[in-house]
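Protein sequence lines, in the order shown, are assigned to chains A and B. Under the numbering used here, the first sequence has 530 at position 344, and the numbering climbs by one with no breaks. Under the numbering used here, the second sequence has 423 at position 237, and the numbering climbs by one with no breaks. We treat Cβ as the ideally placed atom computed from N, Cα and C, and that holds for glycine.
Protein chains: 2
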Amino acid sequence: MKDVVIGFLGCGNVGGGVWKLLEGFQKELAHRDNLSIRVKRVLVRDVNKARTCAVPRELLTTDVNDVINDPEISIVVEFMGGEQPATEYMIRALRAGKTVVTANKVAVALNWHRLQAAAQEHGVGLYYEASVCGAIPIIDTLNHSLQANRIQYLMGIINGTTNYILSRMYEKGEDYSAVLEDAKRLGLAEPNPASDVEGYDAAYKLSIMSSLAFHARVPFSKVYVEGITRVTAMDIACGKEMGYVLKLLAIAKRDGDNIEVRVHPTFLPGSHPLAQVNGSFNAVYLKGHACQEMMLQGRGAGDMPTASAVVGDIIHASVADVHVHPTFANTPDADAILTFEDNWTSRYFVRISAVDKPGVLAKVAGWFAKENVSIATMMQKGSVEEGRVPLIFITHEASEKAMQAALAAFDPQICTVDSMIRVEK
Amino acid sequence: MKDVVIGFLGCGNVGGGVWKLLEGFQKELAHRDNLSIRVKRVLVRDVNKARTCAVPRELLTTDVNDVINDPEISIVVEFMGGEQPATEYMIRALRAGKTVVTANKVAVALNWHRLQAAAQEHGVGLYYEASVCGAIPIIDTLNHSLQANRIQYLMGIINGTTNYILSRMYEKGEDYSAVLEDAKRLGLAEPNPASDVEGYDAAYKLSIMSSLAFHARVPFSKVYVEGITRVTAMDIACGKEMGYVLKLLAIAKRDGDNIEVRVHPTFLPGSHPLAQVNGSFNAVYLKGHACQEMMLQGRGAGDMPTASAVVGDIIHASVADVHVHPTFANTPDADAILTFEDNWTSRYFVRISAVDKPGVLAKVAGWFAKENVSIATMMQKGSVEEGRVPLIFITHEASEKAMQAALAAFDPQICTVDSMIRVEK
Chain A
187 MKDVVIGFLG CGNVGGGVWK LLEGFQKELA HRDNLSIRVK RVLVRDVNKA RTCAVPRELL
247 TTDVNDVIND PEISIVVEFM GGEQPATEYM IRALRAGKTV VTANKVAVAL NWHRLQAAAQ
307 EHGVGLYYEA SVCGAIPIID TLNHSLQANR IQYLMGIING TTNYILSRMY EKGEDYSAVL
367 EDAKRLGLAE PNPASDVEGY DAAYKLSIMS SLAFHARVPF SKVYVEGITR VTAMDIACGK
427 EMGYVLKLLA IAKRDGDNIE VRVHPTFLPG SHPLAQVNGS FNAVYLKGHA CQEMMLQGRG
487 AGDMPTASAV VGDIIHASVA DVHVHPTFAN TPDADAILTF EDNWTSRYFV RISAVDKPGV
547 LAKVAGWFAK ENVSIATMMQ KGSVEEGRVP LIFITHEASE KAMQAALAAF DPQICTVDSM
607 IRVEK
Chain B
187 MKDVVIGFLG CGNVGGGVWK LLEGFQKELA HRDNLSIRVK RVLVRDVNKA RTCAVPRELL
247 TTDVNDVIND PEISIVVEFM GGEQPATEYM IRALRAGKTV VTANKVAVAL NWHRLQAAAQ
307 EHGVGLYYEA SVCGAIPIID TLNHSLQANR IQYLMGIING TTNYILSRMY EKGEDYSAVL
367 EDAKRLGLAE PNPASDVEGY DAAYKLSIMS SLAFHARVPF SKVYVEGITR VTAMDIACGK
427 EMGYVLKLLA IAKRDGDNIE VRVHPTFLPG SHPLAQVNGS FNAVYLKGHA CQEMMLQGRG
487 AGDMPTASAV VGDIIHASVA DVHVHPTFAN TPDADAILTF EDNWTSRYFV RISAVDKPGV
547 LAKVAGWFAK ENVSIATMMQ KGSVEEGRVP LIFITHEASE KAMQAALAAF DPQICTVDSM
607 IRVEK
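In structure tokens form, the structure reads like this:
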């Protein structure tokens, strides 16, 4: 039996979940993996705060050195969240020869090079399955199972809060702000939901996933981010009528040395596997040159699903004698030059309010045509109000720059652009 | 750079796919994993046979010893299929100190203990991701990512041929035999499709998956197997009308020390994630006590998807310094006693032809009630023919034994049972 002594940095919901999971799983750990895992110290802000998990008082400390300098502790598990001080604590732990397991997407996305360099320099492991999509084994799948693939693209529903909101708007025709308030009340959205609804949470995760998928460091700063705050019930209803479902998608595509990474509301055909992923479920759909299409779906958040990934990593780290780290193609010594593309192509859903006069449609079509944007479908929705009528267009594939240029040329005297939403197939 | 020399046992479609994948992937292997992988010898039946892949003639041999006794070869990759001689060759390779990577579900399902014992005894690895569901990383997910879970159940669509047939029957109302002939013509069913349509292919895979999920050796012989050969267009149409989709499901459930494993046609509600998995896609839906619900979906067959899994294993085996093997709870030295349950509970779809007379329904309901099988829904379908009318029942949860007893008691003078299909939620 191998005795593994670990320390926690932080003990909020996920930390509590990990404590609970480990507590009830010792028999299985012994039998399956010949392991005994013991939590020795737990860093908290306030030792007197009431906690949902039964961590004994004497394990708690407010001094990080009690965790990262304890010679008996071999694995430090970080649940603090946020970039700092989590990153510095993890680097100190790695330098002290301890393997780090983290659920912290922000720290990994922003400081991956520093964390990995510290791990490699000191011959220890850095594990972060829980940082992306909770229990879904997307990190391990990209790092190991799909290692023999050139991943061409991945698209994910990787934020449960926004998927819950959009699913309800789709099913019940409700307004964004009403559903958001309800989600807050139900604990499905944070009191300050900005990071979720503005797309940043998804962008951190996309930076991590796409780096592993493309074996290229994809910085968070290169991710185009657009949230769901401007999405309207009207857009969702129009899309629904045309057979589309609106999702906040995280999209990463690689074509040769070009990489595009973006998070934005996206219409998907109702028959797409991601279109069926509802409520607080997460899913990642990807295509590799050998594996072809694949989708992983599951619980992307929650104490126990996230604890499932954390404890999986702890077991993995305890059993592994060699810690394997990914190689990126755009580190200084790499053999590939990668560029990040902000002029991607897409199809587009455009909703406008146009003056109800003959010849207007020809004008609008002309503005699109001037930029080589070609129309696939047009639908008039509802009736004339204040002399204007809502028109919906879905375009064929066009470049983002051309689309933006076309919309900028629209004459507000003739029509105004109410929304522009990208469409994937 | 680590040079890895490997040998093939067999070189059919999957072997050819692996050759092709390795050939075009050397640059990535070098960069990502610091590996160079070279195929040195390839065992074939006939060195003169024309091949789709460009294996040089001088690598081919008809003598297995050229592969398993070559001291330079460290990994033997087996693509022969079937129990023998594949199993004996793999055991000889393991005993010769070579790690084995296999795509052979039959050999693994039937001789796992012997293979694993040989691998452990000689300190080498045994990898079999490709033996179940092609590119889908279900083995690695069960073995590693979900290690911190008690898996409660898994349900899979793990045979592409039958899923293609059932999907077409569902969508177009076609008859089983017509679709089967068409599938043969299209290369989607074997000339002799027995192993697929009778459920054995799925049962081998279920034996492997459930063994890993439950950390208990689930022998192939314990799997209840019923294929799709008796499925009718009429049953599928009736189910469809009631909101159900018919799939050949592989189901494994664990409740305490009881395990049930079964492969049979199953109705699923149209809203179930597995109900949306169509054509030749495979998917596994599972639930763990920590991870909750999860689904992995992808290409379960085909040269390149299977090669994706094989080469993933070769890379994994080349990089790993320690080869980890699963522990089963029902080996002689284990701490758990497991029983295999053949009296599971389910809901049931029953279609009968009943004499069109007053009082018949009361009689049928009485036969169900006598065995404590309670009816959830009843539907009359179509009109009276030759004095008999088709009736469909869907029951509440009932035990398999009770259901069988109820059906056995039906009086053929009053009604005949045309079909009985299990229903999952």
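A:M606 is the residue among A:M481, A:H502, A:M606 whose C-alpha sits nearest the C-alpha of R537 of chain A. Judged by DSSP in its simplified three-state form, F596 of chain B adopts coil rather than helix or strand. In the three-state reduction of the DSSP assignment, F554 of chain B falls in the helix class, which pools H, G and I. Within the region 224-287 of chain A, the complete alpha helix (DSSP H) segments of 4 residues or longer fall at 251-254, 272-281, listed in chain order. Rounded to the nearest angstrom, the gap between the Cα atoms of R608 of chain B and V559 of chain B is 13 Å.
Rounded to the nearest whole angstrom, the CA to CA distance from C319 of chain A to K188 of chain B is 34 Å. In the structure shown, V431 of chain B falls within a strand segment according to DSSP collapsed to helix, strand and coil. Beta-carbon to beta-carbon, Y471 of chain B and I422 of chain B are separated by about 21 Å, too far to satisfy the 8 Å threshold. The beta-carbon distance between C424 of chain A and I324 of chain A, rounded to whole angstroms, is 32 Å. This is too long to meet the 8 Å contact definition.
Note: Q483 of chain B is bridge-paired with A:M481, B:A469 in the DSSP secondary-structure output. Per DSSP, Y350 of chain B is one residue of the alpha helix (DSSP H) stretching across 346-358. In terms of beta-carbon proximity, D507 of chain A lines the interface with chain B, with at least one pair separated by less than 8 Å.
At a cut-off of 8 Å between beta carbons, V470 of chain B makes no contact with chain A. With contacts defined by Cβ atoms closer than 8 Å, Y339 of chain A and K433 of chain A do not form a contacting pair. The C-alpha of P271 of chain B lies about 33 Å from the C-alpha of R416 of chain B. Interface criterion met: the Cβ of R218 of chain A is under 8 Å from a Cβ in chain B. The continuous beta strand (DSSP E) containing H450 of chain B extends over residues 444-455.
With distances taken between CA atoms, A562 of chain A lies nearest to A:M428 out of A:C477, A:M428, A:A503. Taking each of A:D232, A:G193, A:G210 in turn and checking the Cα distance to E258 of chain A, the smallest one comes out for A:G193. In the displayed model, P576 of chain A falls within a strand according to three-state DSSP. Against chain B, the CB of T247 of chain A has no partner CB under 8 Å away; the residue lies outside that interface. The DSSP-derived three-state label of M187 of chain A is coil. Comparing C-alpha distances from W530 of chain B to each of B:L524, B:S353, B:A588 shows the shortest one belongs to B:A588.
Ranked by Cα distance from I337 of chain A, the options A:M266, A:M564, A:L229, A:G442 are led by A:G442. In the three-state reduction of the DSSP assignment, R336 of chain A falls in the coil class. One finds L482 in chain A with Cβ atoms closer than 7 Å to the Cβ of L482 of chain B, taken in chain order. The alpha carbon of R574 of chain B has as its nearest neighbour, out of B:A436, B:V603, B:E583, B:W205, the alpha carbon of B:V603. Judged by DSSP in its simplified three-state form, F406 of chain A adopts helix. Counting only residues of its own chain and dropping the five nearest sequence neighbours on each side, P455 of chain A has a CB closer than 7 Å to the CB of G429, Y430, A461, K611.
With a threshold of 16 other beta carbon atoms within 10 Å, V310 of chain B meets it and is buried. With distances taken between CA atoms, G198 of chain B lies nearest to B:M490 out of B:F596, B:M490, B:V505. By the Cβ criterion, the region 245-253 of chain B is in contact with the region 218-233 of chain B, since at least three pairs of Cβ atoms, one from each stretch, lie closer than 8 Å.
Burial is judged here by how many other beta carbons sit within 10 angstroms of a residue's own beta carbon; E209 of chain B has fewer than 16 and is exposed.
Scanning B:A503, B:A279, B:E557 for the CA closest to the CA of E586 of chain B turns up B:E557.
Among the residues facing chain B, M490 of chain A is included, as its CB has a counterpart in that chain under 8 Å away.
Rounded to whole angstroms, the separation of the alpha carbons of A303 of chain B and I254 of chain B is 18 Å.
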